[in-house]
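Undergrad:
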Amino acid sequence: MRRVYFAGPGQCNICGSRIRFLSVTRRLGDELATYGFPYSLDEMETINHRRYVCPVCGSVDRDRLYKLYVERFLPPDGARSVLEFAPSAPLSRYLKSRSDFRYRSADLMMSGVDDVVDITDMPIYADGSVDFFICSHVLEHVSDDALALDELYRILAPSGCGIIMTPVAPEGSFDEDPGVIDETERWRRFAQGDHVRLYDRSTLCSRIRKSGFEVSALDSQTFGDETFNRHAIDLGSVLYVVRKLNGVSPKHD
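Each residue of the sequence shown is one higher than the one before, counting from -13 in my numbering.
(1) Return yes when the Cβ of leucine 81 is within less than 8 Å of the Cβ of glutamate 70, no when it is not.
(2) Per DSSP, what kind of secondary structure is cysteine -2 in: helix, strand or coil?
(3) List the residues that DSSP assigns as beta-bridge partners of lysine 82.
(4) Ordered along the chain, which non-local residues of its own chain (more than five positions away) have a Cβ less than 7 Å from that of leucine 8?
(5) Taking the alpha-carbon of phenylalanine 119 as reference, which of Arg6, Val10, Glu29 and Lys53 has the nearest alpha-carbon?
(6) Give me the Cα-Cα distance between cysteine -5 and glycine 114, rounded to the nearest whole angstrom.
(7) Buried or exposed: which applies to aspartate 117, given that a residue is buried once 16 or more other Cβ atoms fall within 10 Å of its Cβ?
(8) Which residue marks the beginning of the beta strand (DSSP E) containing leucine 225, and which one marks its end?
(9) Would you call the stretch 165 to 178 in contact with the stretch 134 to 144, where contact means no fewer than 3 C-beta pairs closer than 8 Å?
(10) DSSP on valine 10, reduced to helix/strand/coil?
(11) Cβ of valine 227 versus every heavy atom of the ligand GTP: is any distance shorter than 7 Å?
(12) Spatial neighbours of glycine 179 within its chain, please: CB distance less than 7 Å, with the 5 preceding and 5 following residues excluded, ordered by chain position.
(13) Can you give the beta carbon distance from histidine 123 to methionine 151, rounded, assuming they're within the 8 Å contact cut?
(14) What are the residues that DSSP puts in a beta bridge with serine 202?
(15) Write down the C-beta distance between histidine 217 and arginine 58 rounded to the nearest angstrom, noting that I regard them as a contact closer than 8 Å.
(16) Mapping the DSSP letters down to three states, classify cysteine 40 as helix, strand or coil.
(17) Could you give the DSSP three-state label for methionine -13: helix, strand or coil?
(18) What are the uninterrupted segments assigned as alpha helix (DSSP H) that are 4 or more residues long and contained completely in the stretch 162 to 211, given in chain order?
(19) Given arginine 187, which residues of its chain have a CB within under 6 Å of its CB, disregarding the five upstream and five downstream residues?
(20) Can you give me the start and stop residues for the beta strand (DSSP E) that valine 116 sits inside?
(21) Thinking C-alpha only, which one of Arg4, Cys1, Ser97 and Asn34 is nearest histidine 12?
(22) Would aspartate 100 pass as a contact of isoleucine 110 if the rule is Cβ separation under 8 Å?
(23) Here's the rule: buried if 16 or more other CB atoms are within 10 angstroms of the residue's CB, otherwise exposed. What is proline 76?
(24) Taking the alpha helix (DSSP H) that phenylalanine 59 falls in, what are its first and last residues?
(25) By DSSP's criteria, arginine 88 is part of a beta bridge. Which residues make up the other side?
(26) DSSP on glutamate 137, reduced to helix/strand/coil?
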């Protein structure tokens, strides 16, 4: 039975609850301003900071966006090997519930994952062994994102696809320096104390393509404004989906 909690006009597509989503505007916005980060939350891509968290299951807007993709483009029509890096608990529960998914979670630092791996070197996964992966808000933590992207390309099946997401700032904002170790400086330049770079859209996409992937940018035109509004996904949100060139992965139309 679906729960009603803080009843409101929105609906969480992860847990099904009809709720008022919770804001992180004051907490996160004030924190970034304290460190002198030069961009506002409104300028960042794919963060609905005013309607961010489901108070029932804890899903955030990007969890709900990823589920929209999975439900639409990965129907239960055959077994798939699914790998989620830096897993999000609300989304993981949904992915594990899919009987057609052979699900595994992976991370270098998180406890409780199935596989403890360095995303830049993953010998435990054979070439072309993963049908679908989610790599969400990982690359901005990695010293060498090119190595990570090469590994993601290597393990993806020719017919597979993946989601690659990072924080994305306005065009021309790209900045990186893995040598910076001062957390205050990382907050100021990269928006978090354990980030080593800040992407803009063109740099993110060019680095993804350099590894050999084809990348598609899906947005509200793909899923519909009404769907985004109902599930508290900002209308300016963009989902980056990758596949191998000349592959036969799902078409995004």
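Backbone N, C-alpha and C define an ideal beta-carbon position, used for all residues, glycine too.
TA: In short, the structure shows the following:
(1) Position 84 of the sequence shown holds residue 70. Position 95 of the sequence shown holds residue 81. Cβ atoms of glutamate 70 and leucine 81: closer than 8 Å.
(2) Taking the first residue of the sequence shown as 1, we reach residue -2 at position 12. In the structure shown, cysteine -2 falls within a coil segment according to DSSP collapsed to helix, strand and coil.
(3) On the sequence shown, residue 82 is found 96 positions in, with the first residue counted as 1. Lysine 82 pairs with nothing; no bridge assigned.
(4) Walking along the sequence shown from the start, residue 8 turns up at place 22. The residues are Tyr38, Val39 and Pro41.
(5) Stepping through the sequence shown from its first residue, residue 119 is reached at position 133. It is Lys53 whose Cα lies nearest to the Cα of phenylalanine 119.
(6) By 1-based counting over the sequence shown, the position of residue -5 is 9. By 1-based counting over the sequence shown, the position of residue 114 is 128. Checking the sequence, you will find proline at residue -5 rather than cysteine. A direct Cα-Cα distance of roughly 43 Å separates proline -5 from glycine 114.
(7) As a working mapping, residue 117 is identified with position 131 in the sequence shown. Buried: at least 16 other Cβ atoms inside 10 Å.
(8) Residue 225 sits at position 239 when you count from the first residue of the sequence shown. Run containing leucine 225: 225 to 230, per the beta strand (DSSP E) assignment.
(9) Judged by Cβ distances under 8 Å, the stretch 165 to 178 makes no contact with the stretch 134 to 144, as fewer than three pairs qualify.
(10) As a first step, residue 10 is located in the sequence shown; it is residue number 24 there, counting from the start. Coil, per DSSP.
(11) You won't find the ligand GTP in this model; it holds no ligand whatsoever.
(12) Within the sequence shown, residue 179 is the residue found at index 193, counting from 1. Result list for glycine 179: Glu169, Arg172 and Trp173, in chain order.
(13) The residue you call residue 123 lines up with position 137 of the sequence shown. The residue you call residue 151 lines up with position 165 of the sequence shown. Sure, about 6 Å apart at Cβ, within 8 Å.
(14) Along the sequence shown, one-based indexing puts residue 202 at 216. Secondary-structure assignment with DSSP links serine 202 through a beta bridge to Val227.
(15) For the purposes of this step, residue 217 is taken as residue 231 along the sequence shown, with counting starting at 1. For the purposes of this step, residue 58 is taken as residue 72 along the sequence shown, with counting starting at 1. The C-beta distance from histidine 217 to arginine 58 rounds to 13 Å, too long to meet the 8 Å contact threshold.
(16) Working through the sequence shown from its first residue, we reach residue 40 at position 54. Looking at cysteine 40 - three-state DSSP - the assignment turns out to be coil, as it is neither helix nor strand.
(17) What you label residue -13 is simply residue 1 of the sequence shown in a count that begins at 1. The predicted position of methionine -13 is uncertain, since its pLDDT is 47 and thus under 50; a value taken from the coordinates is nonetheless stated next. Coil.
(18) Taking only runs of at least 4 residues, the alpha helix (DSSP H) segments lying wholly in the stretch 162 to 211 are 169 to 176, 187 to 196 and 206 to 209.
(19) Stepping through the sequence shown from its first residue, residue 187 is reached at position 201. Within the same chain, Cβ atoms closer than 6 Å to the Cβ of arginine 187 are found at Val154, the five residues on either side in sequence being excluded.
(20) Position 130 of the sequence shown holds residue 116. For valine 116, the enclosing beta strand (DSSP E) covers residues 116 to 122.
(21) Here the question's residue 12 lines up with position 26 in the sequence shown. The residue asked about is misnamed: residue 12 is arginine in this sequence, not histidine. The candidate whose alpha carbon is nearest that of arginine 12 is Asn34.
(22) Locating residue 100 in the sequence shown gives position 114, counting from the first residue. Locating residue 110 in the sequence shown gives position 124, counting from the first residue. Contact: no.
(23) The residue given as residue 76 occupies position 90 in the sequence shown. When all chains shown are included, proline 76 counts as buried.
(24) Within the sequence shown, the letter at position 73 stands for residue 59. Looking at the DSSP string, the run of the alpha helix (DSSP H) that includes phenylalanine 59 is 47 to 59.
(25) Taking the first residue of the sequence shown as 1, we reach residue 88 at position 102. For arginine 88, which the question treats as bridged, DSSP gives the partners Ser67.
(26) Taking the first residue of the sequence shown as position 1, residue 137 is located at position 151. Correct three-state label for glutamate 137: helix.
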